[in-house]
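Trainee:
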Amino acid sequence: MQPDMSRLLSMVLPDDTTLGEPYWAIMATHDGQLTGQFWTVYQAGHTVIPLFEDRDSAESVRAVLSQEGMVVRGIAWKHLQFLRRRPPQGAELGVVQGFRAHGELTIALLPPIS
1079 MQPDMSRLLS MVLPDDTTLG EPYWAIMATH DGQLTGQFWT VYQAGHTVIP
1129 LFEDRDSAES VRAVLSQEGM VVRGIAWKHL QFLRRRPPQG AELGVVQGFR
1179 AHGELTIALL PPIS
């Protein structure tokens, strides 16, 4: 891979050493590599990428998902800024505020950056 492409991918895709400063997200993998797809939920008319404030909460949700190949990755500030400018999958970003009955997430949407 060319150095410029490696640098670009490191800005967009966190690896398993990236700390969740400020958030953690659930992402899809294939053959052990991130696909670039985030786990999303549909809530109040929005497709949302849930961002968790701590890894334990993200791992708890990931553990009950019926989907194979999902991992928790840290979202650093550089990733967050990129995602807010170019939200993937036509989704919005939202910070998980808590959990309701039946495992439904309470999410506060983050505004995009133009």
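The numbering of the sequence shown is our numbering, which starts it at 1079 and goes up by one. Ideal Cβ positions, reconstructed from N, Cα and C, are used throughout, including at glycine.
Exposed or buried, what is residue 1102 when buried is set at 16 or more other beta-carbons lying within 10 Å of its beta-carbon?
Mentor: On the sequence shown, residue 1102 is found 24 positions in, with the first residue counted as 1. Answer is buried; the Cβ neighbour count reaches 16.
Trainee: Name the residue from 1185, 1164, 1152 whose alpha carbon lies nearest to the alpha carbon of residue 1123.
Mentor: Numbered from 1 along the sequence shown, position 45 holds the residue referred to as residue 1123. Here the closest residue by C-alpha is 1185.
Trainee: In the DSSP assignment, the beta strand (DSSP E) including residue 1115 goes from what residue to what residue?
Mentor: Start at 1 with the first residue of the sequence shown, and residue 1115 comes out as number 37. Where residue 1115 is concerned, the enclosing beta strand (DSSP E) stretches over 1111-1116.
Trainee: Measuring CB atoms only, is the region 1112-1130 touching the region 1163-1178, in the sense that at least three cross pairs come out at less than 8 Å?
Mentor: Yes, the region 1112-1130 is in contact with the region 1163-1178.
Trainee: On the criterion of 16 or more Cβ atoms from any shown chain inside 10 Å, does residue 1177 qualify as buried, or is it exposed?
Mentor: In the sequence shown, the residue the question calls residue 1177 occupies position 99. By the 10 Å Cβ count, residue 1177 comes out exposed.
Trainee: By the three-class DSSP mapping on this structure, what secondary structure does residue 1151 have?
Mentor: Taking the sequence shown and counting its residues from 1, the one referred to as residue 1151 is at position 73. Residue 1151: strand per DSSP, three-state reduction.
Trainee: What's the gap between the Cα of residue 1183 and the Cα of residue 1174?
Mentor: Your numbering for residue 1183 matches position 105 in the sequence shown. Your numbering for residue 1174 matches position 96 in the sequence shown. Roughly 6 Å separates the two Cα atoms.
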